[in-house]
Structure formats: C-alpha cells, structure tokens
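Following full-length UniProt numbering, the numbering of the sequence shown begins with 1 at its first residue and continues without gaps.
The C-beta atom is built at its ideal place from N, Cα and C for all residues, glycine as well.
None of the values given here were measured: they were computed from a predicted structure.
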Amino acid sequence: MALDNKKDKLGLLAFKKTKQLNALIQELRNTTIGSLNEDVNANANAIIQIDEALTIINAKIDSLSNLFGITYNTDGTIATESYTTHTHNYEDTTINDTVDGSGSETATQKESGEVNT
C-alpha cells in the first residue's frame with residue numbers, strides 16, 4: 001500500500017507539473033502570437049501609409065507629366081518627348097536714347113524664326 005501511495009503522490013505531482021508546464025507553454029504561445037500580430041499589424045499599417053503616399057506622388061507626377069506633355073512607358077522611361085514650336089516675329093524696333101542731352105543712340109532689332117522649347 002505504501003508503494004501505491006508513493007505512486008499516487010508522484011502521479012499527482014507529475015500531473016500538477018504538467019499542468020503548470022502546459023500553462024507556461026500556452027502563455028508563451030499567446031505572448032508570441034500577440035507580439036507577432038502586433039508586428040504584422042504595424043507592418044500592414046506602414047505598408048498602407050506608404051501605398052497612400054505613393055498614390056499621391058504618382059498622381060502629382062501624372063499631373064506634371066500632363067502639364068508638360070510627357071508620357072511614360074510601363075517601365076517608367078519617357079515614351080515621347082513633345083516640343084512646342086514658338087515663332088517669334090519682331091517688327092523693326094528703334095530705340096532712341098539721349099545720352100547726357102548731347103545726342104541720341106539708335107538701336108534696331110529684328111528677329112524672326114522658330115525656337116524649340
């Protein structure tokens with residue numbers, strides 16, 4: 001009977017220790033999973049913020065591209081460069097400037113042609 005009593009005590013002790021160990025393992029799992037979930041959520045929020053910022057930046061780039069008539073290929077290279085041709089035609093212009101009241105200087109300017117911008 002004494003042997004059975006010792007077996008019962010050892011069995012009860014093993015049961016208690018196993019229960020404590022299982023509780024510690026579960027706590028560790030919860031802590032690890034909770035920590036990982038927090039990290040995942042933080043990373044997901046950071047990715048969302050980066051994505052929103054990139055959307056705004058891309059919209060501004062598109063707006064500027066449209067303003068300057070630039071189009072892009074899917075790889076980001078410029079597809080076309082468009083230039084606007086401006087023609088400047090000036091009539092003969094005479095500028096009279098009196099120097100110290102002693103006389104006048106005359107400058108004549110005439111320009112005609114195309115300028116690419």
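Measure the Cβ-Cβ separation of serine 63 and threonine 71 and say whether it is below 8 Å.
-> One-based indexing of the sequence shown puts residue 63 at position 63. One-based indexing of the sequence shown puts residue 71 at position 71. Not a contact, by the Cβ cut-off of 8 Å.
On the three-state DSSP scale, how would you describe isoleucine 61?
-> The residue you call residue 61 lines up with position 61 of the sequence shown. In this structure, isoleucine 61 counts as helix in the three-state DSSP scheme.
Check the DSSP bridge columns for isoleucine 78 and list the partner residues they point to.
-> Translated into the one-based positions of the sequence shown, residue 78 becomes position 78. DSSP, once it has assigned bridges, lists Tyr72 as partnering isoleucine 78.
Same chain, Cβ closer than 6 Å to glutamine 20, neighbours up to 5 away in sequence not counted | Residue numbering aside, residue 20 sits at position 20 when the sequence shown is read from its first letter. Cβ neighbours of glutamine 20 beyond the five flanking positions: none.
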